[in-house]
Ligand SMILES: O=C[C@H](O)COP(=O)(O)O
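If you want it as structure tokens, here you go:
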């Protein structure tokens, strides 16, 4: 059985580079050590290298483009993310949507570099489609609940259950995460009881005065 994953997406909540990412990563590393739960962070690209150097928790990119080195201006090169020390990457987050062809290319590039892949999806059908690309994780997040403070685990457990079923129907080696409004140990426990392997979250930890306290609550029922 794979250990549950709590993946914190720092999005662009931080003002300036370094400070708040370092604060959240410190909290994540401390709570991961205390609890034995795997806690990862997905900072801005500029923070990948400092975090991967200073912390032992897994660090994820928020996006990659399915390109190879060459003439691509303004793209995120998977090789650069790997060199910056990333353990894995989000792909197709709701706030960074891609076409199916782009998702396939990004997953292929990540696999080539042995970057763990977390493909985000917005409904049951896209979860099944994403699973067919054989990422490590599919992360189902109803867009209307993202950043809402209303937990997907409580407001829409059915989408989690049906996504797990849809992914399992395509491949049994793809793990499922869920996210949107996750804020308590209860939310995490419900998500795991519905067959997921963990949660993808942002605001409850990133906007907290005491991120370590929120993380301790999140892992409290595991
Ligand atoms: O990547 C994280 C998700 O979009 C969830 O964000 P949230 O926890 O602020 O709802």
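Residue numbers (the numbering used here): 12 to 233. Idealized CB from N, CA, C, for every residue including glycine.
Quiz prompt | Residues near ligand 1, criterion Cβ-heavy atom distance below 5 Å | solution = 20, 157, 158, 190, 191, 192, 211, 212, 213 and 214
Quiz item: What do you get for residue 15, buried or exposed, if any count of 16 or more other CB atoms within 10 angstroms of its CB means buried?
Solution: buried
Exercise. Have a look at 193, 101, 114 and 81 and flag the residue whose alpha-carbon is nearest the alpha-carbon of residue 166.
Key: 193
Quiz item: So, using beta-carbon positions, are residue 38 and residue 223 closer together than 8 Å?
Solution: yes
Self-check item: Three-state class that DSSP yields for residue 171 in the structure shown
Solution: Look at residue 171 here: in three-state DSSP terms it is helix.
Quiz item: When you compare only the Cα positions, how much space is there between residue 93 and residue 136?
Solution: 30 Å
Quiz item: Nearest chain C C-beta to residue 186 closer than 8 Å, yes or no?
Solution: The chain inventory of the structure shown lacks chain C, comprising one protein chain alone.
Quiz item: Going by other Cβ atoms of all chains shown within 10 Å of its Cβ, with 16 needed for buried, is residue 125 buried or exposed?
Solution: It is exposed - the Cβ of residue 125 has fewer than 16 other Cβ atoms within 10 Å.
Practice problem: Find the nearest neighbour of residue 146 within the set 163, 187 and 65, judged by alpha-carbon distance. | Solution: 187
Quiz prompt | When 170, 75 and 202 are compared against residue 129, the one with the closest alpha-carbon | solution = 75
Quiz item: If we ignore side chains and look at the alpha-carbon of each, how far apart do residue 197 and residue 25 end up?
Solution: Each residue's alpha carbon lies about 27 Å from the other.
Quiz prompt | CB-CB length for residue 158 against residue 214, believed under 8 Å | solution = 5 Å
Quiz item: What residue ranges within the region 20 to 52 form continuous alpha helix (DSSP H) runs of no fewer than 4 residues, ordered along the chain?
Solution: 30 to 46
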